[in-house]
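Novice:
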Amino acid sequence: MGTRGSPSPWHPMPPRLQFQVIGSLPLLEVKADRLNEKDQNVLTVYVPQLNLPVTTKPLKSEFLRVDQDKDRECSLDCAGSPQKSLCASDGRTFLSRCEFQRAKCKDPQLEIAYRGNCKDVSRCVAERKYTQEQARKEFQQVFIPECNDDGTYSQVQCHSYTGYCWCVTPNGRPISGTAVAHKTPRCPGKSCLSG
Numbered sequence: 001m002g003t004r005g006s007p008s009p010w011h012p013m014p015p016r017l018q019f020q021v022i023g024s025l026p027l028l029e030v031k032a033d034r035l036n037e038k039d040q041n042v043l044t045v046y047v048p049q050l051n052l053p054v055t056t057k058p059l060k061s062e063f064l065r066v067d068q069d070k071d072r073e074c075s076l077d078c079a080g081s082p083q084k085s086l087c088a089s090d091g092r093t094f095l096s097r098c099e100f101q102r103a104k105c106k107d108p109q110l111e112i113a114y115r116g117n118c119k120d121v122s123r124c125v126a127e128r129k130y131t132q133e134q135a136r137k138e139f140q141q142v143f144i145p146e147c148n149d150d151g152t153y154s155q156v157q158c159h160s161y162t163g164y165c166w167c168v169t170p171n172g173r174p175i176s177g178t179a180v181a182h183k184t185p186r187c188p189g190k191s192c193l194s195g
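Letter 128 of the sequence shown, counting from 1, is numbered 128 in UniProt numbering, and no numbers are missing.
Pasting the structure below:
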């Protein structure tokens, strides 16, 4: 099976392993009958309908999800949904539960904070709160922005995991060419060392 475009060497696999590919296509059932020779813990199946190999660890997975279909899966039609506002954990107001579910499909960490419109919280404060929640749950390496007392972004932002710091505008846009590793950057305009 060394033809161009075909997956790497295969070995027979126990027929009991069956996986389903869920995407925008009708439910495809793929019998996983081959094992990747290089890594015995990784299952690779070739799905001709999608024209691509799909790889997963077979120990816990029951479903293979094709990432390119995620956007299509998450595009719910919310036109007829009842209009009841919800405030999400990232500080955004959603006009309906359907719109919230569409966003949560793309970002499973998103939660409902409370019913009704979100209070007037700055973008920096909302982003900081949301990323702190993510870091507590499972993403310890996430960037958490620093905010000024007035809710604007602090002029210097640093990523604690990578050690990089950079300058930003008051609305949080990175300023090109200011990123430095393990140092405080020199920001244009105001002094970066003010505390």
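Even for Gly, the Cβ is constructed at its ideal location relative to N, Cα and C. In this text, all values refer to a predicted model and were calculated from it rather than measured experimentally.
1. Could you tell me if Pro-145 is buried or exposed, where buried requires 16 or more neighbouring beta carbons within 10 angstroms of its beta carbon?
2. Write down the C-beta distance between Ser-89 and Glu-133 rounded to the nearest angstrom, noting that I regard them as a contact closer than 8 Å.
3. Does the Cβ of Tyr-130 have 16 or more other Cβ atoms within 10 Å, making it buried, or fewer, making it exposed?
4. Could you please give the first and the last residue of the uninterrupted beta strand (DSSP E) stretch that includes residue 223?
5. What is the C-beta distance between Cys-87 and Cys-124, in whole angstroms, given that I count them as a contact (C-beta under 8 Å)?
6. So, is Gln-141 buried or exposed, given that buried needs 16 or more other C-beta atoms within 10 angstroms?
7. On the DSSP bridge list, what partners appear for Phe-94?
8. In whole angstroms, give me the CA-to-CA distance for Ser-85 and Lys-137.
9. Could you tell me the alpha carbon to alpha carbon distance between Thr-93 and Ser-154, rounded to whole angstroms?
10. From which residue to which residue does the alpha helix (DSSP H) around residue 231 run?
11. Leaving out five residues before and five after Cys-74 in sequence, what residues of the same chain have Cβ atoms less than 7 Å from its Cβ?
12. CA-CA distance, Phe-143 and Gly-116?
13. Taking DSSP as the reference, what is the three-state secondary structure of Gln-109?
14. Would you give the residue range spanned by the beta strand (DSSP E) that Gln-157 belongs to?
15. Taking the alpha-carbon positions, what's the Leu-193 to Asp-77 distance?
16. Excluding sequence positions up to five away, which residues of its chain have a Cβ less than 6 Å from the Cβ of Ser-81?
17. Who are the Cβ neighbours of Lys-183 in its own chain at under 8 Å, not counting the five residues just before and after it?
18. For Val-142, write down the residues that DSSP places opposite it in a beta bridge.
19. What does DSSP give as the partner residues of Ala-181 in its beta bridges?
20. Can you look up Arg-115 in the DSSP assignment and give me helix, strand or coil?
Specialist: This is what the structure holds:
1. In the sequence shown, counting from the first residue as 1, residue 145 sits at position 145. Buried, because 16 or more other Cβ atoms sit within 10 Å of the Cβ of Pro-145.
2. Within the sequence shown, the letter at position 89 stands for residue 89. Within the sequence shown, the letter at position 133 stands for residue 133. Contact between Ser-89 and Glu-133 holds, with the beta-carbon distance rounding to 6 Å and staying under 8 Å.
3. The residue you call residue 130 lines up with position 130 of the sequence shown. Classification of Tyr-130: buried, given that the 10 Å Cβ count is 16 or more.
4. The structure shown does not extend to residue 223, since the chain is modelled only from 1 through 195, so no value can be given for it.
5. Along the sequence shown, read from residue 1 onward, the residue named residue 87 stands at position 87. Along the sequence shown, read from residue 1 onward, the residue named residue 124 stands at position 124. That belief does not hold up - the Cβ atoms of Cys-87 and Cys-124 are roughly 17 Å apart, past 8 Å.
6. Taking the sequence shown and counting its residues from 1, one reaches residue 141 at position 141. Label assigned to Gln-141: exposed.
7. Against the sequence shown, residue 94 aligns to sequence position 94. In the DSSP output, where bridge partners are listed per residue, Phe-94 has Leu-86.
8. For the purposes of this step, residue 85 is taken as residue 85 along the sequence shown, with counting starting at 1. For the purposes of this step, residue 137 is taken as residue 137 along the sequence shown, with counting starting at 1. Within the model, the alpha-carbon separation for Ser-85 versus Lys-137 is close to 26 Å.
9. Taking the sequence shown and counting its residues from 1, the one referred to as residue 93 is at position 93. Taking the sequence shown and counting its residues from 1, the one referred to as residue 154 is at position 154. Each residue's alpha carbon lies about 24 Å from the other.
10. Missing from the structure shown is residue 231; the chain here goes from 1 to 195 and no further.
11. Here the question's residue 74 lines up with position 74 in the sequence shown. So the qualifying residues of the chain are Arg-102, Cys-105 and Lys-106.
12. Your numbering for residue 143 matches position 143 in the sequence shown. Your numbering for residue 116 matches position 116 in the sequence shown. Cα-Cα distance, rounded: 28 Å.
13. By 1-based counting over the sequence shown, the position of residue 109 is 109. Here Gln-109 carries a coil assignment [DSSP, helix/strand/coil].
14. In the sequence shown, counting from the first residue as 1, residue 157 sits at position 157. It spans 156–158 - the beta strand (DSSP E) in which Gln-157 sits, taken as one unbroken run.
15. Here residue 193 refers to the residue found at position 193 of the sequence shown. Here residue 77 refers to the residue found at position 77 of the sequence shown. Reliability fails at Leu-193, whose pLDDT of 46 lies under 50, so the model's placement of it is uncertain and no value is given.
16. Locating residue 81 in the sequence shown gives position 81, counting from the first residue. Correct list, in chain order: Ser-96 and Cys-98.
17. Counted from its first residue, the sequence shown places residue 183 at position 183. These residues qualify, in order along the chain: Cys-165.
18. Taking the sequence shown and counting its residues from 1, one reaches residue 142 at position 142. None, per the DSSP bridge assignment.
19. Mapped onto the sequence shown, residue 181 falls at position 181. The beta-bridge partner set that DSSP reports for Ala-181 consists of Tyr-164.
20. Within the sequence shown, residue 115 is the residue found at index 115, counting from 1. Residue state for Arg-115 is assigned as strand, using DSSP reduced to three classes.
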